[in-house]
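First to last, the protein sequences are chains A, B, C and D.
Mapping the first sequence onto my numbering, position 166 (from 1) lands on 1248, and the numbers just tick up by one.
Mapping the second sequence onto my numbering, position 196 (from 1) lands on 1278, and the numbers just tick up by one.
Mapping the third sequence onto my numbering, position 29 (from 1) lands on 1111, and the numbers just tick up by one.
Mapping the fourth sequence onto my numbering, position 175 (from 1) lands on 1257, and the numbers just tick up by one.
There are 4 protein chains.
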Amino acid sequence: MKAKLQTPVIIVNFKTYAESTGNKAIELAKKADKASKETGVNIVVAPQFTDLWRVAEAVEIPVFAQHIDAIPPGAFTGQVQADAVKETGVVGTLINHSERQLKLADIEAVVRLSREKDLVSCVCTNNPSVSAAVAYLQPDIISIEPPELIGTGVAVSKAQPEAVTDTIKLVRKVNDHAVILCGAGISHGEDVSVALKLGTQGVLVASGIVKAKDPYTVLREFADSAII
Amino acid sequence: MKAKLQTPVIIVNFKTYAESTGNKAIELAKKADKASKETGVNIVVAPQFTDLWRVAEAVEIPVFAQHIDAIPPGAFTGQVQADAVKETGVVGTLINHSERQLKLADIEAVVRLSREKDLVSCVCTNNPSVSAAVAYLQPDIISIEPPELIGTGVAVSKAQPEAVTDTIKLVRKVNDHAVILCGAGISHGEDVSVALKLGTQGVLVASGIVKAKDPYTVLREFADSAII
Amino acid sequence: MKAKLQTPVIIVNFKTYAESTGNKAIELAKKADKASKETGVNIVVAPQFTDLWRVAEAVEIPVFAQHIDAIPPGAFTGQVQADAVKETGVVGTLINHSERQLKLADIEAVVRLSREKDLVSCVCTNNPSVSAAVAYLQPDIISIEPPELIGTGVAVSKAQPEAVTDTIKLVRKVNDHAVILCGAGISHGEDVSVALKLGTQGVLVASGIVKAKDPYTVLREFADSAII
Amino acid sequence: MKAKLQTPVIIVNFKTYAESTGNKAIELAKKADKASKETGVNIVVAPQFTDLWRVAEAVEIPVFAQHIDAIPPGAFTGQVQADAVKETGVVGTLINHSERQLKLADIEAVVRLSREKDLVSCVCTNNPSVSAAVAYLQPDIISIEPPELIGTGVAVSKAQPEAVTDTIKLVRKVNDHAVILCGAGISHGEDVSVALKLGTQGVLVASGIVKAKDPYTVLREFADSAII
Chain A
1083 MKAKLQTPVI IVNFKTYAES TGNKAIELAK KADKASKETG VNIVVAPQFT
1133 DLWRVAEAVE IPVFAQHIDA IPPGAFTGQV QADAVKETGV VGTLINHSER
1183 QLKLADIEAV VRLSREKDLV SCVCTNNPSV SAAVAYLQPD IISIEPPELI
1233 GTGVAVSKAQ PEAVTDTIKL VRKVNDHAVI LCGAGISHGE DVSVALKLGT
1283 QGVLVASGIV KAKDPYTVLR EFADSAII
Chain B
1083 MKAKLQTPVI IVNFKTYAES TGNKAIELAK KADKASKETG VNIVVAPQFT
1133 DLWRVAEAVE IPVFAQHIDA IPPGAFTGQV QADAVKETGV VGTLINHSER
1183 QLKLADIEAV VRLSREKDLV SCVCTNNPSV SAAVAYLQPD IISIEPPELI
1233 GTGVAVSKAQ PEAVTDTIKL VRKVNDHAVI LCGAGISHGE DVSVALKLGT
1283 QGVLVASGIV KAKDPYTVLR EFADSAII
Chain C
1083 MKAKLQTPVI IVNFKTYAES TGNKAIELAK KADKASKETG VNIVVAPQFT
1133 DLWRVAEAVE IPVFAQHIDA IPPGAFTGQV QADAVKETGV VGTLINHSER
1183 QLKLADIEAV VRLSREKDLV SCVCTNNPSV SAAVAYLQPD IISIEPPELI
1233 GTGVAVSKAQ PEAVTDTIKL VRKVNDHAVI LCGAGISHGE DVSVALKLGT
1283 QGVLVASGIV KAKDPYTVLR EFADSAII
Chain D
1083 MKAKLQTPVI IVNFKTYAES TGNKAIELAK KADKASKETG VNIVVAPQFT
1133 DLWRVAEAVE IPVFAQHIDA IPPGAFTGQV QADAVKETGV VGTLINHSER
1183 QLKLADIEAV VRLSREKDLV SCVCTNNPSV SAAVAYLQPD IISIEPPELI
1233 GTGVAVSKAQ PEAVTDTIKL VRKVNDHAVI LCGAGISHGE DVSVALKLGT
1283 QGVLVASGIV KAKDPYTVLR EFADSAII
């Protein structure tokens, strides 16, 4: 588990972008793998469910799912069960991304389920109060992402630094081991280095990498900026 | 498309059962492939998202997804996008299963999306009125499944024959080409032959196969009963 | 029931606007009552749940709920049960508004429930195909509202006349008695008269009335335009 | 606010039971009002949205809503807006009842909204971890209700005393002012007194009162058992 959580960490959420689907998911993951190996910075990729097996086969860097449902094995159709995700070779999962929010009881259940299955849990939050509430559930990673900045290119670390520092302050009161990330609008290397200076241990990014003309170059820029 | 829709058809919904997850999904799909080839009956398997690629690689029978979200490629996290599903080699999808019900506008959108992507659409319904409403949306397959019978071992074809015959009557008034199936509680070969005698062109099954001690034998029994 | 459905009809959805909440809901409903009596045009008001009793006490025109849940009386918290709605004096309900969409099985259930409770059912739809599917469920009213025009001030009757005429054509193939309305962007008397000329029997409006500087004057303008 | 929160407190959730709808909601609320005045125990009633105005008019005891949506005034249909609820005379609201669960971000938003509107917020939780997470959001009341016991007549205070005491322990680490209640299965006066002995400041009840043959007698029994 330790290796999966090595910090600083850059988690790349592939979402359902055309540029990160199917064969393109594998290509992009390989670029992340290369940038990670060259820089020593931990880069995690989170492709779509249908691509998890192939991406996990293709790269050595950690692969996360984008979501897991709060269900045991059984009579559930069209849902995402933890054991099925685990068997693809995935080592962790995003939980409660602002584009896939969960009921509170389900967040608690999926964090617990992840712990039982030895999956790294990364819970996304929208503000410092919610981050503090989540801290109590003992996820491995908490990532603060103000929804209004997602996909804008306006970086949370610059536009709302206090959302980040307040999250760190409130979380640390009750939880001294969770990795804290920030996300939303991260599009330049400087956004990453500012995020780290604010006290985070990395970033959660998506369009900044996936929609970049040259994702490898941006991945390198982000990774280089994460080393200080 | 024609081959995918060859009737009679038996669709096996793998749900998220432990017995049909990961490597076991592949084993089970291979048994279905074998039973299909031996009998000439069209058997379709619908594994979990994470297993679609590997199952589609492993077998020649049609593979369906269990669900697709009503979204284009883009900024959606933890959702199931049609292009990503298509790229796994899948040829169709279940839509609106009673364990994964959709808003009406989303059913219409996913049926339309499936048509555009050349994916077979199989919309599940809970009663004859809903079947008739769905008929207008022109899906390739309509499967009536009274929710109260799902997983009970009490077959719809025996317990509620009128739900099946009323569905056929109402659907045929407005749609003469959709394949009509029934599901819920199908657990014996006789349940399949009764379903066909009622006028359906096949069945949608899950636990009857997946949880069987010897799934291959039951698959053969179902397929043999579908030939008359 | 007949009186409630007298056409042409103008249904005013109060939504949760500040201008149509609490005491202001009563004032606005009284203006609608006055405009209806003066013109003879059937005007229906649909206030929030919390205001239904008071509005139904205050006016003689028909009052609709904005939504009903597909539940019987029982152990449900924070939901809207048909009997409770009925007891306020309400005579009908909106169903599946684009801001409160339902699963297909629930639309069918609420339309049926409304029929049992002698409540007028008005199902909202987003396009002609969905309208046609809904037509089979036999609601009293079908209202087509392209979601992208809602609240824009760009009237459906002018911007997408074919969405309206296609809806009428498709619905009438299978249902010759449902009242057909259109909505979204209706803000001038002319939008109403154009809607009627397209073949509808009225309109579903919201911000055009509720957010108007002088709602009574606009109500009169709409009602006058509905008389030809 | 203080009076509304006077402890011990018994909150009666009317749900959507036939026995607590419309005129019967008023009758039941009056019985609660009587029992409260006779015993001095704070009894709160939580009727359906449609009954809030009439109940708040009819009684002097505090009235709560069963739910509020995380929305501002505006273009929302069929939802429950805080200002509309407030204007009925309601002084508080249940939030996240197990039959009406919310996304975490929405719980946080509704607790904050309640504070702004001077409404008492009572957040329901399903286990001690979730209770602790909620404690950070600073609601006025936290009520632990193991969902598997709701409506069973098997009281949480007797069947799962550790769920109650663990909740108290965890909540008090971070929040020393929230009122802590327990609910689920409370059906005898003894269930109430045991709940208080475990350290709670009251109970959240529903069917135990609403479905009782003689609700007034049970209300008196509960209230008497709350005085020690």
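Virtual Cβ for every residue (Gly too), placed ideally from N, Cα, C.
Are the CB atoms of residue j and residue i within a distance shorter than 7 Å?
i, j, result
"Val1162 (chain C)", "Ile1177 (chain C)", "no"
"Leu1252 (chain D)", "Ala1214 (chain D)", "yes"
"Asn1376 (chain D)", "Gln1088 (chain D)", "Since the displayed chain D opens at 1083 and closes at 1310, residue 1376 (chain D) lies outside it and no answer follows."
"Ala1045 (chain A)", "Pro1228 (chain A)", "It is not possible to answer for residue 1045 (chain A), since the shown part of chain A is limited to 1083 through 1310."
"Ala1117 (chain B)", "Val1212 (chain C)", "no"
"Val1256 (chain B)", "Ala1217 (chain B)", "yes"
"Ala1277 (chain B)", "Ser1307 (chain B)", "no"
"Val1141 (chain D)", "Asp1115 (chain D)", "yes"
"Trp1135 (chain A)", "Thr1170 (chain A)", "yes"
"Thr1132 (chain A)", "Val1167 (chain B)", "yes"
"Asp1273 (chain D)", "Ala1237 (chain D)", "yes"
"Gly1233 (chain D)", "Ile1268 (chain D)", "no"
"Ile1189 (chain C)", "Thr1207 (chain C)", "no"
"Asp1248 (chain C)", "Pro1210 (chain C)", "yes"
"Leu1152 (chain C)", "Val1192 (chain C)", "The amino acid occupying residue 1152 (chain C) in the given sequence is Ala; Leu does not appear at that position. Yes, the pair counts as a contact, with Cβ atoms nearer than the cut-off."
So, is the C-beta of residue i closer than 7 Å to a C-beta in chain D?
i, result
"Lys1084 (chain C)", "Here Lys1084 (chain C) scores only 46 on pLDDT, less than 50, and its place in the model should not be relied on; the value that follows carries that caveat. So, not an interface residue."
"Lys1199 (chain C)", "no"
"Ala1187 (chain A)", "yes"
Within 7 Å of any Cβ in chain C, is that where the Cβ of residue i sits?
i, result
"Ile1289 (chain B)", "The sequence given here places Ser at residue 1289 (chain B); Ile does not occur at that position. Not an interface residue."
"Arg1194 (chain D)", "no"
"Leu1231 (chain D)", "no"
So that I know if they touch, is there some Cβ in chain B lying closer than 7 Å to that of residue i?
i, result
"Phe1146 (chain A)", "no"
"Ala1215 (chain C)", "yes"
"Ile1218 (chain C)", "As written in the sequence, residue 1218 (chain C) is Tyr, which differs from the Ile given in the question. Answer yes: the Cβ-Cβ gap between Tyr1218 (chain C) and chain B drops below 7 Å somewhere."
"Arg1302 (chain A)", "no"
Starting from the beta carbon of residue i, find every residue of chain B whose beta carbon is closer than 9 Å, and list them in chain order.
i, result
"Glu1227 (chain C)", "Correct list: empty, because the minimum Cβ distance to chain B is about 11 Å."
Could one say the Cβ of residue i lies closer than 7 Å to chain A's Cβ atoms, at least one of them?
i, result
"Asp1273 (chain B)", "no"
"Glu1169 (chain B)", "yes"
"His1270 (chain B)", "no"
Along chain A, in chain order, which residues have C-beta atoms closer than 7 Å to that of residue i?
i, result
"Val1256 (chain D)", "Val1256"
"Val1212 (chain D)", "Leu1186, Ala1187 and Glu1190"
"Asn1178 (chain D)", "Leu1186"
Give me the chain D residues within the contact set of residue i, using Cβ-Cβ distance strictly less than 9 Å, ordered along the chain.
i, result
"Gln1183 (chain A)", "Lys1185, Leu1186, Ala1187 and Asp1188"
List, in chain order, every chain A residue whose beta-carbon is nearer than 8 Å to that of residue i.
i, result
"Tyr1099 (chain B)", "Pro1155, Gly1156 and Ala1157"
Do residue i and the ligand GDP come close, with the Cβ less than 6 Å from some heavy atom?
i, result
"Asp1296 (chain A)", "The ligand GDP is not among the ligands present in this structure, which contains no ligands whatsoever."
So which residues on chain C does residue i lean against when the C-beta distance must stay under 7 Å?
i, result
"Ser1307 (chain B)", "Neighbours of Ser1307 (chain B) on chain C: none; closest Cβ ~29 Å, over 7 Å."
"Val1162 (chain D)", "Phe1131"
List, in order along the chain, the chain B residues whose C-beta lies closer than 7 Å to that of residue i?
i, result
"Ala1166 (chain A)", "Thr1098, Thr1103, Gly1104, Gln1130, Thr1132 and Asp1133"
Can you name the residues of chain D whose CB is closer than 7 Å to the CB of residue i?
i, result
"Asn1095 (chain A)", "The contacting residues do not exist; Asn1095 (chain A) stays about 18 Å from chain D at best."
"Asn1208 (chain A)", "Ala1187"
For residue i, go through chain C and note every residue whose CB falls closer than 9 Å to its CB, in chain order.
i, result
"His1149 (chain D)", "Thr1159, Gly1160 and Gln1161"
Counting Cβ pairs, one atom from each stretch, are 3 or more of them under 8 Å apart for the region 1177 to 1189 of chain D and the region 1109 to 1120 of chain C? no
Inter-stretch contact at 8 Å, needing at least 3 Cβ pairs: the region 1089 to 1108 of chain A / the region 1265 to 1285 of chain A: yes
Report yes or no: do three or more beta-carbon pairs, one from the region 1097 to 1107 of chain C and one from the region 1155 to 1169 of chain D, lie closer than 8 Å? yes
Would the region 1219 to 1233 of chain B and the region 1189 to 1204 of chain B be scored as touching if the rule is three or more Cβ pairs under 8 Å? yes
Curious, which full-length alpha helix (DSSP H) runs of at least 4 residues does the region 1228 to 1303 of chain A contain? 1238 to 1241, 1243 to 1256, 1271 to 1279 and 1289 to 1292
Whole beta strand (DSSP E) runs in the region 1137 to 1192 of chain C with 3 or more residues, listed along the chain? 1174 to 1177
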